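A.B. asks: One line per chain: the protein sequences are A and B, in this order. So the first sequence is numbered by our numbering: it starts at 72 and just counts up by one. So the second sequence is numbered by our numbering: it starts at 72 and just counts up by one.
2 protein chains.
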Amino acid sequence: MIRIGVLVSGSGSNLQSIMDACDRGDIDGEVAVVISNVAGAYALKRAENNSIPTKIFLHQEYPDRQSFDSRIAQTLEEYKVDLVALAGFMRVLTPEFLDRFPHRVINIHPALLPAFPGLGVRQKAIDHGVRFSGCTVHFVDSGVDTGPIIIQAVVPVYPDDTEEELKDRIIALEHQIYPRAIQLFAQGALEIAGRKVFVRNLVKDASLCLVNPPLDS
Amino acid sequence: MIRIGVLVSGSGSNLQSIMDACDRGDIDGEVAVVISNVAGAYALKRAENNSIPTKIFLHQEYPDRQSFDSRIAQTLEEYKVDLVALAGFMRVLTPEFLDRFPHRVINIHPALLPAFPGLGVRQKAIDHGVRFSGCTVHFVDSGVDTGPIIIQAVVPVYPDDTEEELKDRIIALEHQIYPRAIQLFAQGALEIAGRKVFVRNLVKDASLCLVNPPLDS
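This is the structure we're talking about:
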């Protein structure tokens with residue numbers, strides 16, 4: 072059973088999916104602490120509803136990123152977490168923080184990386200006219216959305232999609248792949264080699280293909 | 072019935088898929104001429120086998136890109152082509168060429184653009200550790216692999232894939248989506264608006280989703 076620390080800034084729907092998966096037994100672990108850098112984040116309420124300890128550290132109150140990150144790292148160590156999961160956490164972590172949790176910090180991003188890193192990426196995908204986007208769970212490195220990829224999901228994009236429509240489509244998959252990635256970590260099924268993440272017992276399935284617009288429309 | 076000019080530099084397997092689709096009636100059109108910038112390209116043999124006129128223009132023999140492109144454009148106009156399809160054509164076309172065939176030049180690229188533009192992209196996708204790649208048919212603009220996207224296909228990528236394995240997986244889809252994109256063009260089903268390509272009568276299908284590694288592996 073792994074202990075998971077979740078960092079949040081907002082509504083925490085991915086936190087909810089992780090807590091639910093732990094409750095269902097789909098993750099061999101539990102959320103040990105939820106840390107927010109925003110005082111009124113709804114994610115805190117979700118954690119309290121699940122009787123999970125919460126901490127609030129306001130980045131504005133720290134003189135620099137190092138001291139802010141250090142305070143978070145200290146708390147995560149106090150709660151003896153095995154894995155740090157970012158769930159809508161809107162701060163970039165320092166290399167010093169990452170060094171304290173080597174290959175143990177993961178994030179979810181609402182695009183098919185390496186396409187569309189950064190912010191506002193659902194609208195960017197629509198505006199670019201892509202036929203597919205998706206979401207990516209990856210280990211965090213010192214870049215922005217650049218770390219080794221654990222799992223990805225693909226969803227279709229349509230030229231007249233609104234950002235809300237595409238967000239709904241992507242988030243439904245986020246709530247499936249983030250718990251799945253955490254369970255693969257909990258099972259020790261992930262092996263990082265450079266940029267690649269090998270998955271134990273992964274069977275190649277060449278039929279995992281999609282076309283948009285479909286071939287027979 | 073549209074008349075298609077195909078530009079090639081190599082083996083021409085996409086040319087073959089286009090000729091075959093025309094023969095089957097899956098494309099309302101015919102290949103009117105095949106132009107190569109490489110004298111021994113196997114694509115020329117494929118065209119001859121289908122009794123399609125071929126032309127060879129060696130770019131080395133022209134003083135600049137403009138004169139080379141102008142010679143090709145002149146030939147395409149002589150053959151009264153409605154659409155110019157690049158099929159492994161290894162030269163970047165000048166804006167002057169594209170201006171002579173506005174919104175009538177298309178290309179196929181072996182990656183899920185905007186990820187991995189340029190060359191050597193299958194190995195780049197493997198090295199990056201992505202879970203999905205694919206192929207893209209797009210209108211050509213003056214950038215490299217940047218034009219409005221018509222159709223995309225997704226294929227899985229595995230960490231131990233060889234470039235050949237991934238190439239085989241992608242090319243099987245290329246041979247399906249390139250003829251399909253040409254038929255959408257032939258039917259007048261494509262409408263370009265900025266970067267977006269709208270497809271007539273396209274039905275949104277939110278179930279067009281994939282996850283890799285799969286959720287239940």
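The C-beta atom is built at its ideal place from N, Cα and C for all residues, glycine as well. For clarity, every value in this text was computed on a predicted model and none was experimentally measured.
Report buried or exposed for A/Thr207, applying the criterion of at least 16 other Cβ atoms within 10 angstroms of its Cβ.
C.D. replies: It is buried - the Cβ of A/Thr207 has at least 16 other Cβ atoms within 10 Å.
A.B. asks: Any beta carbon of chain B sitting closer than 9 Å to that of A/Pro181?
C.D. replies: Not a single CB atom of chain B sits nearer than 9 Å to the CB of A/Pro181.
A.B. asks: Can you check which of these residues, A/Leu279, A/Gly214, A/Lys238, is closest to B/Leu244 by C-alpha distance?
C.D. replies: A/Leu279
A.B. asks: Between B/Asn178 and chain A, is the shortest Cβ-Cβ distance under 9 Å, so that the two count as touching?
C.D. replies: no
A.B. asks: Let's test the definition: count the other Cβ atoms within 10 Å of the Cβ of B/Ala92 and tell me whether it reaches 16, buried, or not, exposed.
C.D. replies: Classification for B/Ala92: buried.
A.B. asks: Could you give the distance in angstroms between the alpha-carbon of B/Ala264 and the alpha-carbon of B/Ile248?
C.D. replies: Taking the straight line from one Cα to the other gives about 21 Å.
A.B. asks: Looking at chain A, which residues of the stretch 203-223 of chain B have a Cβ within less than 7 Å of any of its Cβ atoms?
C.D. replies: Those would be Phe203, Pro219, Ile220, Ile222, Gln223, in chain order.
A.B. asks: Check whether chain A comes within 9 Å of B/Val155, counting only Cβ atoms and requiring the distance to be less than that.
C.D. replies: No - not a single Cβ of chain A is within 9 Å of the one on B/Val155.
A.B. asks: Who pairs with A/His209 in a beta bridge, going by DSSP?
C.D. replies: A/Asn178, A/Ile220
A.B. asks: Going by the CB atoms, is the gap between B/Ser204 and B/Ile177 shorter than 9 Å?
C.D. replies: no
A.B. asks: Pick helix, strand or coil for A/Ala196, following the three-state DSSP scheme.
C.D. replies: DSSP, read as helix, strand or coil, puts A/Ala196 in helix.
A.B. asks: Report yes if the CB atom of B/Val268 is closer than 9 Å to the CB atom of B/Ile220, and no otherwise.
C.D. replies: B/Val268 is a Cβ neighbour of B/Ile220, given a cutoff of 9 Å.
A.B. asks: Which partner residues of A/Thr125 appear in the DSSP bridge assignment?
C.D. replies: A/Val105
A.B. asks: Report back the beta-carbon spacing between A/Ser82 and A/His246 to the nearest angstrom; my notes put them in contact at under 8 Å.
C.D. replies: About 13 Å separates the two Cβ atoms, so there is no contact after all.
A.B. asks: Taking B/Gln194 as the reference, which of B/Pro230, B/Phe168, B/Asp212 has the closest Cα?
C.D. replies: B/Pro230
A.B. asks: If we ignore side chains and look at the alpha-carbon of each, how far apart do A/Val163 and A/Tyr150 end up?
C.D. replies: 22 Å
A.B. asks: Tell me which residue opens and which closes the beta strand (DSSP E) that B/Ala277 is part of.
C.D. replies: Neither: B/Ala277 is in no beta strand (DSSP E) and is coded neither H nor E.
A.B. asks: For the stretch 143-172 of chain A, list the beta strand (DSSP E) runs that are entirely contained and at least 3 residues long, ordered along the chain.
C.D. replies: 154-158
A.B. asks: Provide the residue(s) that pair with A/Glu262 in DSSP beta bridges, ordered along the chain.
C.D. replies: A/Phe269
A.B. asks: Are there 16 or more other CB atoms within 10 angstroms of the CB of B/Gly214, so buried, or fewer, so exposed?
C.D. replies: exposed
A.B. asks: Measuring alpha carbon to alpha carbon, tell me which of A/Pro173, A/Ala257, A/Val79, A/Glu236 ends up nearest A/Arg117.
C.D. replies: A/Val79
A.B. asks: Going along chain B in order, which residues have a C-beta closer than 8 Å to the C-beta of A/Leu244?
C.D. replies: Cys280, Val282
A.B. asks: I'd like to know if B/Tyr229 contacts chain A, where contact means its C-beta is closer than 9 Å to some C-beta of that chain.
C.D. replies: yes
A.B. asks: In chain B, which residues lie less than 8 Å from A/Ala277 when you measure between Cβ atoms?
C.D. replies: Val226, Pro227, Arg240
A.B. asks: State the Cα-Cα distance for the pair B/Leu273 and A/Pro134, rounded to the nearest angstrom.
C.D. replies: 53 Å
A.B. asks: Mind pulling the chain A residues with CB within less than 7 Å of B/Gly200?
C.D. replies: Pro219, Ile220, Arg266, Lys267, Val268
A.B. asks: Quick one, which of B/Gln131, B/Leu157, B/Pro285, B/Val104 has its alpha-carbon nearest B/Gln145's?
C.D. replies: B/Val104
A.B. asks: Figure out for me which residue from A/Leu183, A/Arg175, A/Arg271 has the closest Cα to the Cα of A/Ile197.
C.D. replies: Comparing Cα-Cα distances from A/Ile197 to each of A/Leu183, A/Arg175, A/Arg271, the minimum goes to A/Leu183.
A.B. asks: For B/Leu281, which beta-bridge partners are listed by DSSP?
C.D. replies: DSSP, once it has assigned bridges, lists A/Val225 as partnering B/Leu281.
A.B. asks: Could you give the residue range of the beta strand (DSSP E) that holds A/Arg74?
C.D. replies: Note, A/Arg74: beta strand (DSSP E), 73-79.
A.B. asks: In whole angstroms, what is the alpha-carbon distance linking A/Leu169 and A/Phe160?
C.D. replies: 15 Å
A.B. asks: I'd like the list of long-range same chain contacts for B/Val109, defined as Cβ closer than 6 Å, with 5 residues on each side in sequence excluded.
C.D. replies: Ser80
A.B. asks: Starting from A/Ala92, find everything on chain C with Cβ-Cβ shorter than 7 Å and list it in chain order.
C.D. replies: Protein chains in the displayed structure are A and B, and chain C is not among them.
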